[in-house]
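*Asks:* Dropping a structure here in C-alpha cells format, bear with me for questions.
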Amino acid sequence: EIVGFTELDSMETVSDIEHGGSILKSEVKVVTFDLDNTLWKTGAVIKHANDVLQDHLDSCGLAQPRQVKDVMKELFSVNQMRYCPELATNPDGAKIEPVMLTQLRIDSIFDVCVKDNGFTDEEAEMFSQKAFQVWTDARHAAIPAHLAESVVECLSTIRGIQTSSGLPIIVGAITNGNSDPRNVPMLRDYFDFCVNSEDVGVSKPDPKVYKAAVEEASGMPAVRDIFAQMKIYDSFEDFSNLLGPWWVHVGDDFLKDVVAAKELKMRTVWARELVLGPEDYEKSVPKSKRTLQELVRDIASQDVITMEIGSTDYLAETMKDEFADCTIDRFEHLVEVILGWHREGLSGSANGSEEKKMIAEGMQTAQALPDYFDVIMPEKGSVDAGQTPSEQGKLSETKFCMFCGTKLPMVAKFCSSC
Numbered sequence: 001e002i003v004g005f006t007e008l009d010s011m012e013t014v015s016d017i018e019h020g021g022s023i024l025k026s027e028v029k030v031v032t033f034d035l036d037n038t039l040w041k042t043g044a045v046i047k048h049a050n051d052v053l054q055d056h057l058d059s060c061g062l063a064q065p066r067q068v069k070d071v072m073k074e075l076f077s078v079n080q081m082r083y084c085p086e087l088a089t090n091p092d093g094a095k096i097e098p099v100m101l102t103q104l105r106i107d108s109i110f111d112v113c114v115k116d117n118g119f120t121d122e123e124a125e126m127f128s129q130k131a132f133q134v135w136t137d138a139r140h141a142a143i144p145a146h147l148a149e150s151v152v153e154c155l156s157t158i159r160g161i162q163t164s165s166g167l168p169i170i171v172g173a174i175t176n177g178n179s180d181p182r183n184v185p186m187l188r189d190y191f192d193f194c195v196n197s198e199d200v201g202v203s204k205p206d207p208k209v210y211k212a213a214v215e216e217a218s219g220m221p222a223v224r225d226i227f228a229q230m231k232i233y234d235s236f237e238d239f240s241n242l243l244g245p246w247w248v249h250v251g252d253d254f255l256k257d258v259v260a261a262k263e264l265k266m267r268t269v270w271a272r273e274l275v276l277g278p279e280d281y282e283k284s285v286p287k288s289k290r291t292l293q294e295l296v297r298d299i300a301s302q303d304v305i306t307m308e309i310g311s312t313d314y315l316a317e318t319m320k321d322e323f324a325d326c327t328i329d330r331f332e333h334l335v336e337v338i339l340g341w342h343r344e345g346l347s348g349s350a351n352g353s354e355e356k357k358m359i360a361e362g363m364q365t366a367q368a369l370p371d372y373f374d375v376i377m378p379e380k381g382s383v384d385a386g387q388t389p390s391e392q393g394k395l396s397e398t399k400f401c402m403f404c405g406t407k408l409p410m411v412a413k414f415c416s417s418c
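According to full-length UniProt numbering, the sequence shown is numbered sequentially starting from 1.
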C-alpha cells in the first residue's frame, strides 16, 4: 500500500491502483502497450543483446578499437537528420533522440568493418546485416527473463475478453524501440499488431505514431464498423472522437505514453512498476524529484499542453485531472482495471465518474506538490485585449499570476503587472 491524497488533503492509505474520474464509460475494444520498461526491463534486455553481439564480433575476428555502442553515438552526433527524420519539420526540438535505431546500429557495425578492418562496402554491408540479426535475435530471446511480473497471465486474460459483438479485444504494441512481441514465442499469440516509431518516421509522443496504430487496427473485425462510419477525417478532432474510452493505452512514460495517448482521447494507464524498481516501491517514493521536473520541462517544450498563467498547483492538477485515467504500480492489477472498465461499459451502470484522482507520490502535504515542479514564469507583456464573444463571457472568471500574484481575467495570456 502507498500513501495518497484525496481532495481534502488528508492522509490515507490506498491500493496500488489510482483511478481517474473524468473518463466516459464504454466497453473496451482495443488495448495497446508500450514495450520497453512497460512489459520488460529494457536495460537488462539491451545489455544481453550487446553482449551477444560483442561475442559474435569477437568470434569473427573483427578488430574493434571502437565499440559499436560508441560508434552509434558518433554517427548520430554528426548526422542527426539521417536517424531522426522529424528534424526536417521540427528543427528546434529541445531533446533529440534517434528514431531509426535499426539503421543506426547497422551503420555503426558497417563503419567498424570499413574503417577499422578494411572491408569493402559490399563486404561490410553483408556482414553488418547479419550481425544486426544476431543482435535483434538476442534481444528478443532475452525478453522472457526480464518481463514484469504477471505480464503473460495479464495478456492471456485480456486476450480472453470479448466485446459486445462476441469478438475478442484487439491487443497491440506501440513502441519507440525496434522490438516486436510477435517475435517472442511466449508473447506472440497475444498481439494482433505492433507499430514501431521507425516505421512511421517519428517517435512518440508525436501523434502520428498513435494514428498509425489506429490505422493498423481500423480494419480488424472488433472495430471495423466504427471506422466504416467515417472514411475521411475532416480534422484531428474528428479522428480522435472516433476513439474515446474504448481504446486503452498502457505505458510507463508519462509524456510519451499517457499524455500523448490522451491527446487522441484514449483511456490511459500509467504503469510504473519497472520504473520505480523494488526499493523505490517498498518506500512508496518515486525515483527522484528530478524526473518529474524533467517531465514538466519536456511537456512544456514539446507543446503537448499549453502553459498559461494560473495558480501554483496548475501542473499538479493537470497531471491528476487531464492525462492518467489510472495509475498502477503492479502490472498484475491491470486486469482488474481493464475488466472493470469493460464491465461498466457493457452494463451502463457505472458511477465511477464521481471518484477523485489521487497522485501517490509519498508527499507529506498536498501543498508540497508545486515543489515537485519547475514553475514556468510568465512572459513579459500585456493582457490580450482582443475578445471574442465567448471570451467576453469568461471575463468574470479569474486566475492569478504565479510570479507576482496579480488577479487577472481568465482570458489573459500575459500578466499586465510583470
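Just so it is clear, CB atoms sit at the ideal spot from N, CA and C, and this is done for glycine as well.
(1) Distance, Cα to Cα, A142 vs V45?
(2) Quick check on DSSP: helix, strand or coil for L242?
(3) Considering just the uninterrupted stretch of the alpha helix (DSSP H) at K194, what are its terminal residues?
(4) Are V31 and I158 close, meaning C-beta to C-beta below 8 Å?
(5) How would you write the range of the alpha helix (DSSP H) that W270 sits in, first residue to last?
(6) Excluding the 5 residues flanking G172 on each side, which residues of the same chain have their C-beta closer than 8 Å to its C-beta?
(7) If we call anything under 8 Å between Cβ atoms a contact, is A271 one with L346?
(8) Quickly, what does DSSP pair F33 with across the bridge? List them, please.
(9) Counting only the same chain and skipping the five closest in sequence on each side, list residues whose C-beta sits under 7 Å from that of N117.
(10) Specify the secondary structure class of L147 as computed by DSSP and reduced to three states.
(11) Quick one: Cα of G393 to Cα of P205, how far?
(12) What distance in whole Å lies between the Cβ atoms of L75 and D55, which are believed to be in contact at a cut-off of 8 Å?
(13) Which two residues bound the contiguous alpha helix (DSSP H) that contains I106?
(14) Since N37 contacts T102 with CB under 8 Å, what's their CB separation in whole angstroms?
(15) Do you know how far the Cα of S26 is from the Cα of W246?
(16) Could you name the residues of the same chain whose beta carbon sits closer than 6 Å to that of W135, not counting the 5 residues immediately before and after it, in chain order?
(17) Mind checking who I338 pairs with in its DSSP beta bridge?
*Replies:* The structure says:
(1) In the sequence shown, residue 142 corresponds to position 142, counting from 1. In the sequence shown, residue 45 corresponds to position 45, counting from 1. About 6 Å.
(2) Working through the sequence shown from its first residue, we reach residue 242 at position 242. Coil, per DSSP.
(3) Indexing the sequence shown from 1 puts residue 194 at position 194. The sequence as given places Cys at residue 194; Lys does not occur at that position. It is not in any alpha helix (DSSP H) - C194 instead sits in the beta strand (DSSP E) that spans F193 to N196.
(4) Working through the sequence shown from its first residue, we reach residue 31 at position 31. Working through the sequence shown from its first residue, we reach residue 158 at position 158. A contact, by the Cβ cut-off of 8 Å.
(5) Your numbering for residue 270 matches position 270 in the sequence shown. Not the alpha helix (DSSP H): W270 falls in the beta strand (DSSP E), residues R267 to A271.
(6) Within the sequence shown, the letter at position 172 stands for residue 172. Excluding sequence neighbours, G172 sits near V30, V31, T32, F33, F191, D192, F193, C194, V195, A213, E216 and A217.
(7) If you number the sequence shown from 1, residue 271 lands on position 271. If you number the sequence shown from 1, residue 346 lands on position 346. Not a contact, by the Cβ cut-off of 8 Å.
(8) Along the sequence shown, read from residue 1 onward, the residue named residue 33 stands at position 33. Note: F33 sits in a beta bridge opposite A173 and V250.
(9) Translated into the one-based positions of the sequence shown, residue 117 becomes position 117. Excluding positions up to five away in sequence, the list reads L62 and A63.
(10) The sequence position of residue 147 within the sequence shown is 147, counting from 1. Here L147 sits in strand by DSSP.
(11) By one-based count along the sequence shown, residue 393 stands at place 393. By one-based count along the sequence shown, residue 205 stands at place 205. Because the pLDDT of G393 is 48, which lies under 50, any placement of that residue in the model is unreliable, and the number read from its coordinates should be weighed accordingly. Cα-Cα distance, rounded: 34 Å.
(12) Here residue 55 refers to the residue found at position 55 when the sequence shown is read from its first residue. Here residue 75 refers to the residue found at position 75 when the sequence shown is read from its first residue. Between L75 and D55 the Cβ distance is about 23 Å, and since that is not below 8 Å, they are no contact.
(13) Here the question's residue 106 lines up with position 106 in the sequence shown. Segment L101 to N117, the alpha helix (DSSP H) holding I106.
(14) Here residue 37 corresponds to residue number 37 of the sequence shown, with the count starting at 1. Here residue 102 corresponds to residue number 102 of the sequence shown, with the count starting at 1. About 19 Å; that fails the 8 Å criterion.
(15) The residue labelled residue 246 in the question sits at position 246 within the sequence shown. The residue labelled residue 26 in the question sits at position 26 within the sequence shown. Taking the straight line joining both Cα atoms gives about 6 Å.
(16) In the sequence shown, counting from the first residue as 1, residue 135 sits at position 135. Answer for W135: A49 and L53, listed in chain order.
(17) In the sequence shown, residue 338 corresponds to position 338, counting from 1. Partner(s): none; I338 has no beta bridge.
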